[in-house]
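Q: I have a structure I would like to understand better, so I am pasting it below and will then ask my questions one at a time.
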Amino acid sequence: MKLVKLTCVVLLSVTASTANAQAPTAKGAVASERSVEDLFKAAQGLEGQNNFKEAESYYEKIVRELEKEKVKNFPSLYRALTGLANAELKIKDMTGADLNYREALSAAVKVYGAGSYDLTKPLMNLARVCYQEKKYFDAATYFKQALALVERKSGIEDAEAVSIREKLAETLERSGSYKECEVLLKQSLALREKNGDHNSPQLLALLNCYSDVLHKTDRVSEAEQIDYQVDQIHAGKIPASSTALTK
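Residue numbers (the numbering used here): 23 to 269.
As structure tokens, then:
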């Protein structure tokens, strides 16, 4: 199976170039764009039929066509690479999905500029596939970047920020970064308590993760308090404040 490799490099620091991509302007570009758009429609039709293997081949053709252009059409490249990676993910080609989500992120930086909130989606795509590959350190890196963009735009209590933060905490626990994980767990538990959450599945997941961190850092007594709270929730009782147990 072919893996599409571009030459663009991801630059997410604040000093990275923020120049937007230009669409092709040559006379032959109109015909080329029509051809590419036809391929996009065909690929999307195959996806609608759950024929992801064939859709993958169409997205590969699109990327090859776009790579022939002297002036790169980065918006279309981003779209095609994302579609290609999505198809590869569906057929369990994790190596291909990882590679092409990275290349899609590179193209997205060219389109939106470094530090743009619009990079959240490609960052999350890459973080999730790294997580599935059990590349937890890499996954945490991309979750952190996505979280920073969302928090800057919408604040720490935004629902999207809450979701990413909790996934990041879990990922950090799996990567062995217990100290950093604990900080995020405490923040997440405090926010859930503030919003009146005392027994949701998300709260239970956070508490179980926190118990794991405490056990793995030999703080058995503290872990047992968390375990007791989880048991109380399962029993239908509202336990003492979760933050009271995590201070």
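Note that beta-carbon positions come from the ideal geometry of N, C-alpha and C, so glycine has one too.
Have a look at 88, 61, 89, 90 and flag the residue whose alpha-carbon is nearest the alpha-carbon of residue 76.
A: 61
Q: Ignore the nearest five residues each way along the sequence and tell me which others in residue 45's own chain have a CB closer than 6 Å to its CB.
A: Per-residue confidence for residue 45 stands at a pLDDT of 44, beneath the threshold of 50, marking its modelled position as unreliable; the derived number appears in the next sentence. So the list reads 95, once near-sequence residues are dropped.
Q: How big is the Cα-Cα spacing for residue 28 and residue 157?
A: Since pLDDT at residue 28 reaches only 45, below the 50 mark, its modelled position is unreliable, and no value is offered.
Q: Which value, in whole angstroms, describes the spacing of the CA atoms of residue 91 and residue 114?
A: 30 Å
Q: Can you tell me whether residue 166 is helix, strand or coil according to DSSP?
A: helix
Q: Counting pairs of beta carbons, one from the segment 97 to 116 and one from the segment 124 to 132, are three or more of them closer than 8 Å?
A: yes
Q: Check this for me: beta carbons of residue 193 and residue 153, under 8 Å apart or not?
A: yes
Q: Assign residue 179 to buried or exposed, taking buried as 16 or more other Cβ atoms, counted over all protein chains shown, within 10 Å of its Cβ.
A: exposed
Q: For the ligand MN, I want to know if residue 132 counts as a neighbour, meaning its beta carbon is within less than 7 Å of at least one of the ligand's heavy atoms.
A: The ligand MN is absent from the structure shown, which contains no ligand whatsoever.
Q: Cutting at 6 Å between CB atoms, please list the residues of its own chain near residue 305, excluding the five before and the five after it.
A: Any question about residue 305 goes unanswered here, given that the chain covers just 23 to 269.
Q: Can you grab the Cα-Cα spacing for the pair residue 198 / residue 228, in whole Å?
A: 16 Å
Q: Helix, strand or coil: which one does DSSP assign to residue 186?
A: helix
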